[in-house]
Amino acid sequence: MESLKGNMMEHPFHYRLVVSVLIASFVVYIFSGGCGLPDHPLQDHTQSLQTQNTIEGLLEVDIAEDFRGNHWYAYHLIDAKTRKVYRLQTSTSTQSTIPLRELKTGAWVRINAQQTSTPSTLRVDRLNVQMRAAQVSTLLSQPHKLFDLAKQMNVPFQNLQALPTLSLQNITPIFNANAVIKRTVAYIITNLSDKQAYTTDKKKIESVSITKNNDVYFKGTYNLIQFNADLNGDKAPDIFGPFTLTDDSTVNCKSNYRRWQTEATALAKAKGIDLTKYNHNVFIIPNLGSCKFAGIANIGSLTAKGPYRTSIRQEGNAPRVIAHELGHNIGLHHAAVDPNNDGKHNTQSNSEEYGDHSCLMGIKLRNFNAPHLIQLGAFDRYQARVIKAKTGTNKYKLYPLYGDPATTTGAMVITYPNLTLSRMYVLSFKTAKYYDSGIAAKYKTGVSIHTHSYYFTGRTLHVKTLQDGESFKDGDGFEIKQIKKDPNNAFVEIEITTPKPSTKCKPAAPVFTAQVNPVKVGLNTSASLRFTIENKDNVDCGNALFYVTPTLPGGYTVTNARYKNQLITVAPGAKSSVYLPIKHDQTTRTVNVTLSDGLYGTHKDITVPVKVEVNKTTPTIPFPLTGTLKTATSAELKWGTSTDPAGKLAGYKVYRDLDNAGNYRAVAYKSKGLTTHTDSNIPAGTKEIRYYVTARNTVNNESKPSNTILLRVGSKTAPSAPLTLKVTLLNKQDAQLSWSPPADLSAGLQHYHIYAKQGTAAFKKVGTTDKVTWTQKAIPFGKTQYYVTAVDINNKESKPSNTETVERKEATPPTTPGQLTATLTNNDQDALLKWKASTDKDSGVKHYTILKQEGNKGAFQSLGTTNKTTFTDKGILYGVSTYKVTATDNAGNDSKESNTASVNRTKPTPEITQEPSTETITSSDAGSNESTSEPPVEPSTESVLTDGGNTTESVSKDGGNTTEPTIPEQSTQTDTPATPDQSTQTEKISKEQAPTERTKQPGTDGPSGTPDTTKPPESGACGCQTTYSENAPLPASWLLMLVFFVGFRRKKTNA
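Numbering of the sequence shown is given in my numbering, commencing with residue 5 and proceeding in unit increments.
As structure tokens, then:
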């Protein structure tokens, strides 16, 4: 206890602070019911299933085919909540908002399903693509690109991005039509435990790879799409494996091919091969009859990263099989035939399903047909090469499909709508070029007639190829006549007659309105313009066909050239909606959209201006992000709340990277009220997990990333030091600390320790917090240094952060020292100063500074400091000395100057003559009766305090006239003169000087400036020092004592 008491006396502020913290903690404890921080785990608020048999997630669509007339679809759903993969069973009774075969990998769906006898298989009763019901009727055939599909379905992009099991990432529409679209491919040789892949010869795989046959895409799309199987740059296709799976050949291939793909991907990763870096993964598997396919592929999108998966089990015709399956990966369907032009074909007939032998998506290794070229965007750079047939009867020259679109001056493709079938006629002319060198003669005779959906999705249907003099006419009155084919295959001349409206038709102006105006968008999202078209024609007019065409301001483009002329069919009296995706330049502008008659020309154009307002605000960064590993496969994350300047915060995105792969992917999406996430899907065996979080607003503007954290599974080392410590002074007295979490949290962050010190003292821990801010109240005046450490869940403490200093300065100075007085003491050698103490309510008075001026002129100079209210200036010079005092507090603030006080030290009187009759001391001057040889004495006033300061004797000298004042009677009379030991002793005024021309001052050298060689001072009877000199008269002090003694004796005698 004595030691504690001693420490408290030595450091009173520190102990007051500790006691205050303890008291505050106790109060918090009491008012919180005796509880500290809640100990319940962080909640994972991923949306729960609406019902027990309702599952929402990402859809995978595979098409399998044996190229002998057999093909089938496989559907898998990745549960958004559990990440479990289910195989879906569909049937003719399955209800779907859009046809199942119009779906592609990447669609976000909600299904109502029943569990089958196989746990991983669900029977689907209803499949609902997440889109507005009002759009379903007009959007049954969605644009092929996943970007467009997301817009049509009115779901955020993140819902279409990859979950860990699929990894569809970075959905990027082709805004730059001049750019080459590059796709990367990896080949993975996959063996079963008892059977090898159909070939393990990498040279043989290389010979049939897309690298060898890349021109089928590159030249076949006018140098638009380029496949690259050499990502590592060794000038050879990237072929990995073989990897041996756990299953043997008795396992059914058709039911387990997808699991084999997943296992082979994991085996490759264990070897340091990241297959997710490729857009396409082609698995070379054993040739098993149970597969029932030659190849099976994801039906995907050209603009999604993937990776899309393809499995190949047959060696024969492998070049066309691989190229064909990659076509499915980028969204192409089969090139079928429809000789009856009824919009149908026999799906189980090889001759019809793959019947168009003029196209790769048929059964041959050929160039693409015209509808597929339009679908792939090959004409986006050459829009003038695709025209629509004019109303009435007109002649056209049609130039070869695989000529040079950059130099061709006429049409290479002509389109016209088929109202009855709701399909588009696509007319083209093929010659034997590139991969069409072996094309059948029937495709080279003249114009080929294909039909495709209005939106160029699904199967293409070859109807017929004409010869000279041959015609084609449909039931609506659309007719094509081939006049002649140029002998050199330079062109084919045709005549097209379009249908006429009924004579009973009474057309009326349609109603064309924007559903939303203005359209508010974010910085990096397209503007989704939506319009409603109402057909006011009477029923005799039949279906109306309208083109919707935007006029774009500078800096604005459509996401794909096909949206420049959208074709919409609307029945009489009906309404229809149309969607127009616009890429903006991050500037608010107006887009004019025109509705025009696409069939008979009976309706006038209507133009609607739509303002696109670009919201440039982004949410604040969600900071800080911290995390803790709960298990080897589970981590809990927590971050700070973001705000949006416009108040439109939508939520957060959690990004993750595994084992420092440098491939961050979004793994969670949280609504704006949720700032925690439990990641329960860390793959087993992962050693390092990195995270960061972003915030996004309702227009999908995304904030900058939060701090990145690293969690290490099984780590026993300390975390790294906290980052960027900053300290600021609040309220002129509080220190507010802020910092960033460590980049390496080890096994997970527990809390932080805060250390501080003042002056030369050692650092001491002054606080602990689990946040990244901390405030110390009422810090001491002066400078305080701080640093912070991090402590993980294993109580391992990090190294210190950077050290920062804050200074608390007091703004209020002390009060002015008062009533300064100055008196001569010690025989007039010293000046004694006294004053009234200053006060300082904040830091307290530290000291006083004494300022002095010599001789009533010149600047005041500091004599020093004292912490008392008295000060003695020893050995002052003759003449006037003036003083003033200032006070300084512990914060360094100075008070105003006090009043001034002066003393005047005079030179000593050389001789005093005592006359018994008058008791007057005179000196020689012009007005006296006596003269002496003493030099004249300067006028002075001497004050002598006697009897403890109760009696004052003043001797005034004025021009040599000396007056002896009356000496008050003593309260006690004695026959003995006063001595230094008595209470009434008279203080000596000053030391006397030798009567020389130059008087030596006390404590100085002699008159000549050399050291004084006279006798050293000796102590007098009263303790004062008296200087002796040869032939010197008695000191003046002795003479004064004699005057007092004579006066005393006289008074006593008279008495």
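A virtual CB, placed ideally from N, CA and C, is assigned to each residue, including glycine.
Quick caveat, the model's predicted, so the values are computed rather than measured.
So, with DSSP's three-state summary, where would you put residue i?
| i | result |
| --- | --- |
| Ser294 | helix |
| Pro522 | coil |
| Asp541 | coil |
| Thr280 | helix |
| Leu714 | strand |
| Tyr791 | strand |
| Arg385 | coil |
| Asp66 | strand |
| Ala512 | coil |
| Lys108 | coil |
| Asp1060 | The first residue shown for the chain is 5 and the last is 1059, placing residue 1060 beyond what the model contains. |
| Gln379 | helix |
| Gly359 | coil |
| Ile880 | coil |
| Leu836 | strand |
| Lys206 | helix |
| Pro613 | strand |
| Val595 | strand |
| Asp83 | strand |
| Pro123 | coil |
| Ile326 | helix |
| His332 | helix |
| Asn547 | coil |
Taking the straight line between their C-alpha atoms, what separation do you get for residue i and residue j?
| i | j | result |
| --- | --- | --- |
| Arg87 | Ile59 | 11 Å |
| Ala268 | Thr188 | 18 Å |
| Val552 | Met416 | 23 Å |
| Gly450 | Thr469 | 6 Å |
| Thr254 | Asp198 | 9 Å |
| Leu641 | Asn798 | 17 Å |
| His80 | Ala794 | 45 Å |
| Ser124 | Ile288 | 25 Å |
| Thr645 | Ser847 | 39 Å |
| Ser927 | Asp844 | Because the pLDDT at Ser927 is just 42, under 50, the model does not fix this residue reliably, and the point stays unresolved. |
| Ser97 | Phe372 | 35 Å |
| Asn236 | Tyr191 | 13 Å |
| Glu692 | Asn667 | 13 Å |
| Lys399 | Ile500 | 6 Å |
| Lys608 | Gly442 | 48 Å |
| Glu64 | Phe297 | 18 Å |
| Tyr696 | Asn685 | 16 Å |
| Glu483 | Ser580 | 28 Å |
| Ser100 | Gln318 | 34 Å |
| Lys900 | Glu706 | 58 Å |
| Leu633 | Tyr659 | 16 Å |
By Cβ distance below 7 Å, which residues in the same chain neighbour residue i in space, the five residues on each side in sequence not counted?
| i | result |
| --- | --- |
| Ser121 | none |
| Thr55 | Low confidence applies here, because Thr55 scores a pLDDT of 38, under 50, leaving its location unreliable; read the following figure in that light. So no residue of the chain qualifies. |
| Ala654 | Lys676, Arg700, Asn701 and Thr702 |
Closest to residue i by CA distance: which of the options is it?
| i | options | result |
| --- | --- | --- |
| Thr874 | Phe864, Ala863, Tyr887 and Arg313 | Tyr887 |
| Cys257 | Asp242, Tyr226, Leu271 and Ala201 | Ala201 |
| Gly347 | Arg463, Pro409 and Ile418 | Arg463 |
| Lys434 | Ile686, Phe495 and Asn422 | Phe495 |
| Thr591 | Tyr221, Thr772 and Asn619 | Asn619 |
| Tyr604 | Lys223, Glu357, Glu356 and Asn422 | Asn422 |
| Thr555 | Phe535, Val597 and Gln519 | Val597 |
Give every residue of the same chain whose Cβ lies closer than 6 Å to the Cβ of residue i, excluding the five residues on either side of it in the sequence, and list them in chain order.
| i | result |
| --- | --- |
| Gln789 | Lys761, Thr807 and Thr809 |
| Asp774 | His755 |
| Ala841 | Thr873 |
For residue i, which residues from the same chain have a beta carbon less than 8 Å from its beta carbon, with the 5 sequence-adjacent residues on both sides left out?
| i | result |
| --- | --- |
| Leu126 | Ile59, Leu81, Tyr90, Arg91, Leu92, Gln93, Ile115, Ala117, Gln118, Gln119 and Thr120 |
Notebook entry, point to check: At which residue ranges does the stretch 208 to 277 contain complete beta strand (DSSP E) runs of 3 or more residues, listed in the order of the chain?
Noted result: 229 to 232 and 243 to 248
Notebook entry, point to check: Which parts of the stretch 451 to 486 are runs of the beta strand (DSSP E), unbroken and 3 residues or longer, counting only runs that do not cross its ends?
Noted result: 451 to 457, 464 to 469 and 475 to 477
Note to self: Suppose only complete runs of 4+ residues qualify. What are the alpha helix (DSSP H) ranges in the stretch 619 to 701, listed by chain order?
What the structure shows: No alpha helix (DSSP H) of 4 residues or more sits fully in the stretch 619 to 701.
Next item on the list: Please list the segments of the beta strand (DSSP E) lying wholly inside the stretch 716 to 748, counting only runs of 3 or more residues, in order along the chain.
Entry: 727 to 734 and 738 to 744
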